[in-house]
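Beneath this line is the structure, given in structure tokens, with notes to follow.
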Amino acid sequence: MTGAGPSRRSHTKSRTGCKTCKRRHIRCDELFPQCRNCTKHQVRCDYMDTADAETSSQRSSSIDERSITLSPSIEDEIDAWKQSGVFPFPNLHVYPPPQVHDLSKDDLRLIYHICSVCSDLAMSETSNLAGWTEKIPKFLSIASSFRFVMHAILSFAANHLAWVQTSTDLRSLQVQHGSIALRGLHDAIGNFSPANADAILSASMLMCWQATDWLSWSSLLSGMQSVMTAMPPQNRDRFLADVFPRETTESHRSVPIHGATLQERAHILQDLVNALELLQVALLGHDLESHWIDQLLQYVHRLQTVPPASTPEQQFQHAYMLRKWAFWVPISLLRRQSSRGPAVLVLAHLYAAMTALQPLFPDLHPNFYSDSAPTITRVVLPPLQAIIQATDAMQASQGGASAAEITSLMQYVKRIVGEYQSQHSPNIYVHPFAAPIPMQAGDISPAFVPALQNPPTVPSSTYLDVPYEPAGFTHVTDNWGVVPSPGFPPLRQDSFGSYDSAEELYPVDHIGTSRAYPQHRPSQ
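So for the sequence shown, UniProt numbering puts the first residue at 1; every next one is plus one.
The structure is reproduced here in structure tokens:
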């Protein structure tokens with residue numbers, strides 16, 4: 001026919017796939033419990049609602065046996081564990097240990113990975129500098145009796161490993177386990193009892209760590225607080241003592257934070273910039289440590305250029321990277337066998353920055369930085385005080401240039417901690433049985449520590465996206481049915497930056513919902 005325009009490009013439609021693929025008129029691979037298209041677009045797949053989702057996910061091998069790459073020596077250890085049934089990390093005191101006959105090979109790989117992180121920090125006596133590594137063994141013990149807690153652990157382990165390896169297959173595996181964990185959590189909440197209260201809190205905490213948007217994070221947190229309120233006081237106190245062993249009852253108090261004025265905000269940010277620039281000079285030659293200080297400086301500079309966040313959701317978005325870094329950066333730095341001193345200095349400034357910036361996010365306090373906590377003191381102050389105690393001891397025993405440099409570099413950190421304690425939490429202190437940080441004076445001073453001959457490479461990154469994710473793996477998230485990871489920034493508003501141009505974006509109206517605590521909606 002004359003005058004006709006070009007023919008439409010042919011495309012395949014899904015007639016038997018999930019509802020999302022049908023709505024988008026694309027072919028669905030019908031992979032349970034979440035098809036690849038929904039995983040790629042980071043939307044909840046309605047396959048999650050089918051009765052056999054968990055069974056089907058265990059049967060599916062399209063991802064499971066090809067997604068996790070570990071070294072041959074670790075594979076040998078996992079094989080030995082599977083054959084003997086003897087848990088390979090006795091120093092973590094997990095009882096009862098995971099039962100190998102209930103777990104797939106990839107499940108064992110994920111558990112091995114996350115436990116190896118916890119074990120390494122425990123053996124180096126630095127677990128008190130990375131909050132979550134001390135809690136995983138407790139959760140793993142509970143997971144032996146509650147499958148949904150195990151799925152939450154597997155999701156968190158896949159989350160960390162995906163961040164390390166920059167793997168989309170691992171992200172898919174994380175989504176599978178996380179979605180199954182949420183379904184189990186929802187069912188457990190519907191049948192709440194003293195017998196499953198610890199399991200509900202454990203899974204909720206693990207899922208809260210991985211939430212990427214304000215609604216799901218605040219909903220999970222609200223649900224946790226409701227569960228703790230419903231628990232008998234002695235049970236609640238026992239759980240908190242098991243999960244937060246280094247704190248006193250006084251440190252559990254919630255203290256209000258007042259928002260900063262524009263003038264105070266400008267002073268807080270510039271004060272932090274000055275401290276970070278001083279440390280930046282001292283870290284020359286230490287590539288990995290310098291990289292994270294550079295990232296933190298870029299973040300603070302960005303805060304200086306945007307208007308203050310006025311709503312809780314905007315504050316969540318502005319503070320998001322601090323929370324993400326609090327989970328992953330300590331592990332990245334502390335697992336290395338060398339450069340312990342520069343690593344500790346970086347962590348001291350990261351935690352001090354989190355403390356100093358609290359007045360910029362008053363509606364999130366006291367819960368945002370914590371790993372589910374009633375107060376920021378659960379995460380920030382204990383490691384900061386441990387670092388200060390270690391550096392003070394070294395300054396007392398060592399003199400000269402090294403002690404002077406330590407004094408100069410730690411001045412900002414000590415001032416921020418002192419100001420916070422005097423205003424908000426005067427009774428917080430490091431538990432007397434907490435292990436000291438094993439360092440010598442030379443270890444803490446970057447100027448007296450040689451750089452690594454072959455420093456580890458750090459992936460190139462864009463702002464608010466560390467490490468860089470491949471194109472097509474979008475950061476659009478909503479509640480929990482999509483990639484629930486501190487490794488993925490939430491959907492950001494124009495008030496605080498734009499998306500990386502390499503990312504493929506999808507309309508928000510394609511995103512489904514899955515709320516673990518539907519009865520607890522945060523106020524808008």
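Quick reminder that beta carbons are idealized off the backbone N, C-alpha and C, glycines included.
Within the segment 265–353, the runs of alpha helix (DSSP H) that reach at least 4 residues and sit entirely inside it are, in chain order, 287–305, 312–334. Following the DSSP letters along the chain, one finds Q34 in no alpha helix (DSSP H), marked with neither H nor E. Of the residues assessed, M231 falls on the buried side of the cut-off, its CB having 16 or more other CB atoms within 10 angstroms. Nearest neighbour of S167 by Cα position, chosen from L278, S193, T69, Q314, turns out to be T69. Bounds of the alpha helix (DSSP H) holding P233 are 233–243. Per DSSP, reduced to three states, the secondary structure at Y412 is helical.
In this structure, DSSP gives D213 a state outside helix and strand, which the three-state scheme calls coil. By the CB criterion at 7 Å, M207 and A241 fall outside the cutoff. Counted as a single uninterrupted DSSP element, the alpha helix (DSSP H) harbouring Y112 occupies residues 105–123. The C-alpha of A157 is placed about 23 Å away from the C-alpha of L288.
For C208, the secondary structure class from DSSP, reduced to helix, strand or coil, is helix. Taking a contact as a CB-CB distance under 8 Å, the pair L92 and A122 counts as one, their CB atoms being some 7 Å apart.
CA-to-CA, the gap between Y112 and R171 works out to about 18 Å.
Secondary structure of H93 (DSSP, three-state): coil.
Setting aside the 5 residues that flank it on each side, V344 is surrounded in the same chain by I387, each with a C-beta closer than 6 Å to its C-beta; the list follows chain order. When only Cα atoms are considered, V243 and E313 end up about 28 Å apart. Between the alpha carbons of P194 and L276 lies a gap of roughly 47 Å.
Between A326 and F361, the C-beta gap is not smaller than 7 Å, which leaves the two residues out of contact.
The straight-line gap separating the alpha-carbon atoms of L333 and L103 is approximately 31 Å.
When DSSP states are grouped into helix, strand and coil, I26 belongs to the coil group. The segment 198–218 and the segment 296–309 do not touch, with fewer than 3 CB-CB distances between them shorter than 8 Å.
Distance from the CA of C18 to the CA of N37, rounded to the nearest whole angstrom, comes to 10 Å.
Q99 carries a coil assignment under DSSP once its states are collapsed to helix, strand and coil. Minimum Cα-Cα distance from N159 among the listed residues F146, F148, Q176 corresponds to Q176. Rounded to whole angstroms, the gap between the alpha carbons of F87 and L347 is 31 Å.
Your pair S144 and P96 checks out as a contact, with CB atoms roughly 5 Å apart and the cut at 8 Å.
L221 and R323 have their C-alpha atoms roughly 15 Å apart. DSSP places I68 outside both helix and strand once states are collapsed to three, so it counts as coil. Per DSSP, the unbroken alpha helix (DSSP H) holding Q395 starts and ends at 381–397. Looking at I268, N196, L284, the one whose alpha-carbon comes closest to that of F239 is N196.
For G190, the uninterrupted alpha helix (DSSP H) run begins and ends at 168–190, by DSSP.
Excluding its 5 nearest sequence neighbours in each direction, K135 has C-beta neighbours in its own chain below 6 Å: V243, listed in chain order. L110 and V100 do not touch by the CB rule: their CB atoms are close to 13 Å apart, not below 8 Å. CA-to-CA, the gap between L296 and L350 works out to about 8 Å. Residues V94, P98, I153 of the same chain have their beta carbon placed closer than 7 Å to that of L140, with the five preceding and five following residues left out of the count. When the beta-carbon positions are compared, V281 and V300 stay at least 7 Å from each other.
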